[in-house]
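Asks: Residue numbers (our numbering), protein chains in the order written: chain A, 1 to 124; chain B, 1 to 124. Take this structure, written in structure tokens, and hold onto it; I'll ask about it next.
There are 2 protein chains.
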Amino acid sequence: MADEFSYAYTLRLMHDGRKYFGPGVARLLRLVQERGSLSKAARAMGMAYSKAWNIVVHAEEVLGFDLLDSRAGGRAGGGGTVTERGLAFLDRYEAYAARLKAEADALYAECWGDLGQQPVAGEN
Amino acid sequence: MADEFSYAYTLRLMHDGRKYFGPGVARLLRLVQERGSLSKAARAMGMAYSKAWNIVVHAEEVLGFDLLDSRAGGRAGGGGTVTERGLAFLDRYEAYAARLKAEADALYAECWGDLGQQPVAGEN
Chain A
1 MADEFSYAYT LRLMHDGRKY FGPGVARLLR LVQERGSLSK AARAMGMAYS
51 KAWNIVVHAE EVLGFDLLDS RAGGRAGGGG TVTERGLAFL DRYEAYAARL
101 KAEADALYAE CWGDLGQQPV AGEN
Chain B
1 MADEFSYAYT LRLMHDGRKY FGPGVARLLR LVQERGSLSK AARAMGMAYS
51 KAWNIVVHAE EVLGFDLLDS RAGGRAGGGG TVTERGLAFL DRYEAYAARL
101 KAEADALYAE CWGDLGQQPV AGEN
């Protein structure tokens, strides 16, 4: 799409100045749901398993509850599911991200609609 | 500020999938205004002059007008001021960014104001 004007933003939830949740973790958890393990989810994102593990553990530490169920095969063993609280948090995050995107899209259209075509979705 | 929950985002204006304006360029231009040259502005940001130059030139190409006045000493010579159209665009960008921040702040407070005040839980 030549000459297309748009905007982009990246969103992160922060704790003590450090990111603990964002679109990457959210996608990772959705992939765990779909594929049944953190290792498969990490692979699908082209991410090292150790990195995926660290991201999840950090989010869990900040949130104070497990996102992945470590029973039933264990995370390191490749098995794994998203916990009920993890799914609830994921739903909540995604609803928040969708609302922010809707507001940001509307504001972009209002402020910059004259620059070119319609706004393109941010990375949220 | 221990245990503080917050959020962060980075905003960029895009053209053809490539960033052409954002907080960095805006700050650079404000510094040119204050300090009288792109080289001083770049130095104040700890940015290489060549990088600052490329950022400004790319934004000018996308926008179709000069952001910096290349007369009166010339940009490369270290002199420089922000053009009238550049200042108008900068004002417009900053007003937009401020509105987005206000909306995002309000939404964050609405959606996540409970974080850190009570145990985190999903809505469902």
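Using N, Cα and C, we set each Cβ at its ideal position, and we do this for glycine too.
1) Can you look up S6(A) in the DSSP assignment and give me helix, strand or coil?
2) Which same chain residues end up closer than 8 Å to T83(B) when comparing Cβ atoms and leaving out the 5 residues on each side of it in sequence?
3) Between which residues of its own chain and I55(B) is the CB-CB distance below 8 Å, once the five residues before and five after are set aside?
4) For G17(B) and V57(B), I'd like the C-alpha separation in whole angstroms.
5) Please state if the CB of A59(B) and the CB of F21(B) are separated by a distance shorter than 8 Å.
6) Scan the region 96-109 of chain A for residues whose Cβ lies nearer than 7 Å to a Cβ of chain B and list them as they occur along the chain.
7) Less than 6 Å between C-beta atoms, sequence neighbours within five positions excluded: which residues of the same chain meet that for Y49(A)?
8) Please report the distance separating the alpha-carbon of K51(A) from that of Q33(B).
9) Buried or exposed: where does K19(B) fall if 16 or more other Cβ atoms within 10 Å of its Cβ makes it buried?
10) DSSP on L68(B), reduced to helix/strand/coil?
11) The alpha helix (DSSP H) that contains S37(B), what's its start and end?
12) I need the boundaries of the alpha helix (DSSP H) containing A48(A), first residue and last residue.
13) Does any residue of chain A have a CB that is nearer than 8 Å to the CB of D91(B)?
14) Please report the distance separating the alpha-carbon of T81(A) from that of R35(A).
15) For the region 4-23 of chain B, which residues have a beta carbon sitting closer than 7 Å to at least one beta carbon of chain A?
Replies: Checking against the coordinates, here is how it stands:
1) strand
2) F65, D66, L67, L68, D69
3) G24, V25, L28
4) 17 Å
5) yes
6) Y96, R99, L100, E103, A104, L107
7) S39, A42
8) 43 Å
9) buried
10) strand
11) That residue, S37(B), is in no alpha helix (DSSP H); it is neither H nor E in DSSP.
12) It is not in any alpha helix (DSSP H) - A48(A) carries neither H nor E in the DSSP assignment.
13) no
14) 9 Å
15) E4, F5, S6, Y7, A8, Y9, T10, L11, R12, L13, M14, H15, D16
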